[in-house]
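Novice: Top to bottom, those sequences are chains A and B. Its first residue numbered 1, the first sequence is counted upward by one per residue in my numbering. Its first residue numbered 1, the second sequence is counted upward by one per residue in my numbering. Backbone N, C-alpha and C fix where the C-beta goes; we use that ideal spot for every residue, glycine too.
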Amino acid sequence: MSETARFLLDGAPVPFAEGQTILEAARAAGRYIPHLCWHPDFPPHGSCKLCIVDVGGRHLSACATPAVDGATAASDTPEINAERRALLQMLFVEGNHFCPSCEKSGLCQLQAMASELGMTTPRFNHFYPDRPVDASHPDVLLDFNRCIYCELCVRASRDKDGKSVFALTNRGIHKHLVVNAESGRLGDTDFAADDVAAGICPVGVILRKRVGFAVPIGSRTYDTRPISAVSMDREEP
Amino acid sequence: MSADGKLKVATVSLAGCFGCHMSLLDMDERIIDLLEHVEFERSPLTDIKRVGRCDIGLIEGGVCNAENVQVLREFRRRCHTLVALGACAVNGGLPAQRNHLDVGQCLQAVYLSRQGLEGGRVPDDPELPLPLDKVHPIHEVVRIDYFLPGCPPSGELIFTFLSDLIRGRSPRLGHPALHYD
Numbered sequence: 001m002s003e004t005a006r007f008l009l010d011g012a013p014v015p016f017a018e019g020q021t022i023l024e025a026a027r028a029a030g031r032y033i034p035h036l037c038w039h040p041d042f043p044p045h046g047s048c049k050l051c052i053v054d055v056g057g058r059h060l061s062a063c064a065t066p067a068v069d070g071a072t073a074a075s076d077t078p079e080i081n082a083e084r085r086a087l088l089q090m091l092f093v094e095g096n097h098f099c100p101s102c103e104k105s106g107l108c109q110l111q112a113m114a115s116e117l118g119m120t121t122p123r124f125n126h127f128y129p130d131r132p133v134d135a136s137h138p139d140v141l142l143d144f145n146r147c148i149y150c151e152l153c154v155r156a157s158r159d160k161d162g163k164s165v166f167a168l169t170n171r172g173i174h175k176h177l178v179v180n181a182e183s184g185r186l187g188d189t190d191f192a193a194d195d196v197a198a199g200i201c202p203v204g205v206i207l208r209k210r211v212g213f214a215v216p217i218g219s220r221t222y223d224t225r226p227i228s229a230v231s232m233d234r235e236e237p
Numbered sequence: 001m002s003a004d005g006k007l008k009v010a011t012v013s014l015a016g017c018f019g020c021h022m023s024l025l026d027m028d029e030r031i032i033d034l035l036e037h038v039e040f041e042r043s044p045l046t047d048i049k050r051v052g053r054c055d056i057g058l059i060e061g062g063v064c065n066a067e068n069v070q071v072l073r074e075f076r077r078r079c080h081t082l083v084a085l086g087a088c089a090v091n092g093g094l095p096a097q098r099n100h101l102d103v104g105q106c107l108q109a110v111y112l113s114r115q116g117l118e119g120g121r122v123p124d125d126p127e128l129p130l131p132l133d134k135v136h137p138i139h140e141v142v143r144i145d146y147f148l149p150g151c152p153p154s155g156e157l158i159f160t161f162l163s164d165l166i167r168g169r170s171p172r173l174g175h176p177a178l179h180y181d
């Protein structure tokens with residue numbers, strides 16, 4: 001394929017190299033496509049569906065769809081953004097996302113994405129699930145209430161740290177994050193606070209202890225800049 | 001609308017902490033500008049107890065007891081535009097953190113089992129509204145027209161939001177005004 005291969009994203013041409021996905025090519029061209037489970041250091045996961053784009057009337061995950069010369073993709077449209085908001089709303093009501101009490105507030109990608117996409121209401125009925133926290137590890141707290149099943153910790157612990165500390169178990173609405181120990185407790189694994197997996201959580205599940213409020217709320221990454229700008233510089237866990 | 005052409009605004013705090021009402025007052029002297037266009041009806045600020053026909057109703061707090069449900073439904077009947085003001089109205093907020101607990105066991109733990117409460121009893125005065133088993137955001141009970149998240153939303157944001165509504169514009173929130181903490 002020649003270097004001039006291009007597709008149209010919201011009407012503007014985006015050049016790409018062979019093998020690049022729509023999301024990768026768009027980023028390289030300075031164009032932001034919302035995403036939660038995608039991370040530049042990992043292969044695409046395609047589970048959060050926030051990166052959906054309309055290609056020929058079909059809604060595809062931009063992180064997992066190879067760019068095709070001459071294709072037309074729509075991303076920043078009222079229809080696609082409304083679908084993204086609906087996905088966010090389902091994530092919010094399925095867990096317990098009480099931002100005022102969360103030490104990740106202002107550093108949380110789910111929260112920042114909701115602000116970016118103008119989500120003012122959870123719209124659906126809340127589940128209010130009962131998910132006890134795991135404080136067994138000396139240096140890291142697990143708060144399962146905020147999990148969005150992106151599997152970034154699962155992938156990081158398995159593929160980067162070589163420990164496979166985390167896994168998702170069950171299916172559908174019963175899916176949840178578990179710790180790979182007989183007791184199910186993080187304190188009974190070889191997990192360490194300097195593991196890649198300890199710093200990868202986009203929400204407030206994996207929290208290093210004793211540093212939660214080092215930066216005050218109000219001056220944090222997404223308090224001052226929208227995620228669409230931050231994400232183009234670097235992925236902020 | 002009142003006789004002098006002002007929009008009537010009613011406000012109430014259900015299962016909230018009055019923080020959103022404090023934030024409303026935190027718009028400082030701009031409340032005088034606001035009063036050029038609106039007249040407060042039932043509200044903790046006026047101490048009027050019954051809500052009449054209103055243009056705008058601002059609801060702080062979620063729904064945690066039978067009285068909250070009744071007041072919320074009354075606001076929905078009487079207000080043309082109903083606004084969920086703040087985190088608790090939008091998603092239940094702090095009071096909803098009891099939702100994974102059994103309300104009966106909560107009452108027993110608070111009024112019977114704690115040290116020094118031997119021989120106590122769960123308050124049952126008929127004037128006390130019955131608690132619901134779960135705390136609900138208000139959109140789970142009545143239709144809501146606008147949502148203003150934040151714990152609390154700032155006085156600045158409330159002022160801008162109301163100014164838009166008064167001028168017939170659809171309020172739009174984006175970063176950084178739209179936040180959830």
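Determine contact between the region 12-26 of chain B and the region 142-158 of chain B, defined as no fewer than three beta-carbon pairs at a distance below 8 Å.
Specialist: Yes, the region 12-26 of chain B touches the region 142-158 of chain B.
Novice: Starting from residue 57(B), follow the beta strand (DSSP E) in both directions and report where the run begins and ends.
Specialist: For the purposes of this step, residue 57(B) is identified with residue 57 of the second sequence, where counting begins at 1. Residues 54-60.
Novice: Quick one, are the C-beta atoms of residue 227(A) and residue 116(A) less than 7 Å apart?
Specialist: By one-based count along the first sequence, residue 227(A) stands at place 227. By one-based count along the first sequence, residue 116(A) stands at place 116. For residue 227(A) and residue 116(A), yes; Cβs fall inside 7 Å.
Novice: Could you work out which residues of chain B lie near residue 128(A), taking near to mean beta carbons separated by less than 8 Å?
Specialist: Translated into positions along the first sequence, residue 128(A) becomes position 128. By Cβ distance, chain B contributes 92, 96, 99, 100, 134.
Novice: With the cut-off set at 7 Å, would you say residue 167(A) and residue 197(A) are in Cβ contact?
Specialist: Working through the first sequence from its first residue, we reach residue 167(A) at position 167. Working through the first sequence from its first residue, we reach residue 197(A) at position 197. The answer is no: Cβ separation not under 7 Å.
Novice: Grab me the residues of residue 221(A)'s own chain with a C-beta within less than 7 Å of its C-beta, minus the 5 sequence neighbours each way, in chain order.
Specialist: Sequence index remark: in the first sequence, residue 221(A) carries index 221 (1-based). Excluding positions up to five away in sequence, the list reads 106, 107, 230, 236.
Novice: How about residue 180(B): is its C-beta nearer than 7 Å to some C-beta of chain A?
Specialist: Counting from one through the second sequence, the residue named residue 180(B) turns up at place 180. Output row for residue 180(B): interface = yes.
Novice: Using the C-alpha atoms, what's the distance from residue 65(B) back to residue 85(B)?
Specialist: For the purposes of this step, residue 85(B) is identified with residue 85 of the second sequence, where counting begins at 1. For the purposes of this step, residue 65(B) is identified with residue 65 of the second sequence, where counting begins at 1. Rounded to the nearest angstrom, the two C-alpha atoms are 18 Å apart.
Novice: With burial defined as no fewer than 16 other Cβ atoms inside 10 Å of the residue's Cβ, what is the status of residue 136(B): buried or exposed?
Specialist: For the purposes of this step, residue 136(B) is identified with residue 136 of the second sequence, where counting begins at 1. Residue 136(B) is buried by the Cβ-count criterion.
Novice: Just how far apart, CA to CA, sit residue 89(A) and residue 122(A)?
Specialist: Within the first sequence, residue 89(A) is the residue found at index 89, counting from 1. Within the first sequence, residue 122(A) is the residue found at index 122, counting from 1. Near 5 Å, if we compare the C-alpha coordinates of residue 122(A) and residue 89(A).
Novice: Can you tell me the Cβ-Cβ gap for residue 62(B) and residue 82(B), rounded? I've got them flagged as a contact below 8 Å.
Specialist: Position 62 of the second sequence holds residue 62(B). Position 82 of the second sequence holds residue 82(B). Actually they are not in contact, since the Cβ atoms of residue 62(B) and residue 82(B) sit about 14 Å apart, beyond 8 Å.
Novice: Mind listing the chain A neighbours of residue 87(B)? Cutoff is C-beta to C-beta under 9 Å, in chain order.
Specialist: The residue you call residue 87(B) lines up with position 87 of the second sequence. Within 9 Å Cβ-Cβ: 98, 99, 100.
Novice: Is the region 196-212 of chain A touching the region 136-153 of chain A in the sense that three or more CB pairs, one from each, lie closer than 8 Å?
Specialist: Contact between the region 136-153 of chain A and the region 196-212 of chain A is present, because at least three Cβ pairs lie under 8 Å.
Novice: Output, in sequence order along the chain, the residues in the region 162-178 of chain B whose CB is closer than 8 Å to any CB in chain A.
Specialist: Per Cβ criterion, the list reads 172, 173, 174, 175, 176, 178.
Novice: The region 140-155 of chain B: which residues have C-beta closer than 8 Å to a C-beta of chain A, in chain order?
Specialist: Flagged, chain order: 140, 144, 146, 147, 148, 149, 151.
Novice: Does any CB atom of chain B fall closer than 7 Å to the CB of residue 145(A)?
Specialist: Taking the first sequence and counting its residues from 1, one reaches residue 145(A) at position 145. Answer no: the Cβ-Cβ gap between residue 145(A) and chain B never drops below 7 Å.
Novice: Looking at the secondary structure, which residues open and close the beta strand (DSSP E) in which residue 101(B) lies?
Specialist: Position 101 of the second sequence holds residue 101(B). From DSSP, residue 101(B) is part of no beta strand (DSSP E); its letter is neither H nor E.
Novice: Taking only runs of the alpha helix (DSSP H) that begin and end inside the region 181-218 of chain A, which ones reach a length of at least 4 residues, in chain order?
Specialist: Runs of the alpha helix (DSSP H) inside the region 181-218 of chain A: none found.
Novice: Give the range of the beta strand (DSSP E) segment to which residue 52(A) is assigned.
Specialist: Walking along the first sequence from the start, residue 52(A) turns up at place 52. That run of the beta strand (DSSP E) goes 52-55.
Novice: Do three or more CB pairs link the region 9-19 of chain B to the region 34-53 of chain B at distances below 8 Å?
Specialist: Yes: the two stretches touch, three or more of their Cβ pairs being nearer than 8 Å.
Novice: Would you kindly work out how many angstroms separate the C-alpha atoms of residue 197(B) and residue 61(A), rounded to a whole number?
Specialist: A question about residue 197(B) goes unanswered here, because the residues of chain B that appear run from 1 up to 181.
Novice: So what does residue 60(A) bridge to, in DSSP terms?
Specialist: As a working note, residue 60(A) is residue 60 in the first sequence. Partner(s): 53(A).
Novice: In terms of DSSP beta bridges, what is residue 79(B) paired with?
Specialist: On the second sequence, residue 79(B) is found 79 positions in, with the first residue counted as 1. Note: residue 79(B) sits in a beta bridge opposite 54(B).
Novice: Return the chain-ordered list of same chain residues with a C-beta closer than 6 Å to the C-beta of residue 183(A), the five sequence neighbours on each side being excluded.
Specialist: In the first sequence, counting from the first residue as 1, residue 183(A) sits at position 183. Here the set comprises nothing.
Novice: Compare the C-alpha of residue 9(A) against each of 124(A), 54(A), 73(A), 20(A) and name the closest.
Specialist: Residue numbering aside, residue 9(A) sits at position 9 when the first sequence is read from its first letter. Comparing Cα-Cα distances from residue 9(A) to each of 124(A), 54(A), 73(A), 20(A), the minimum goes to 73(A).
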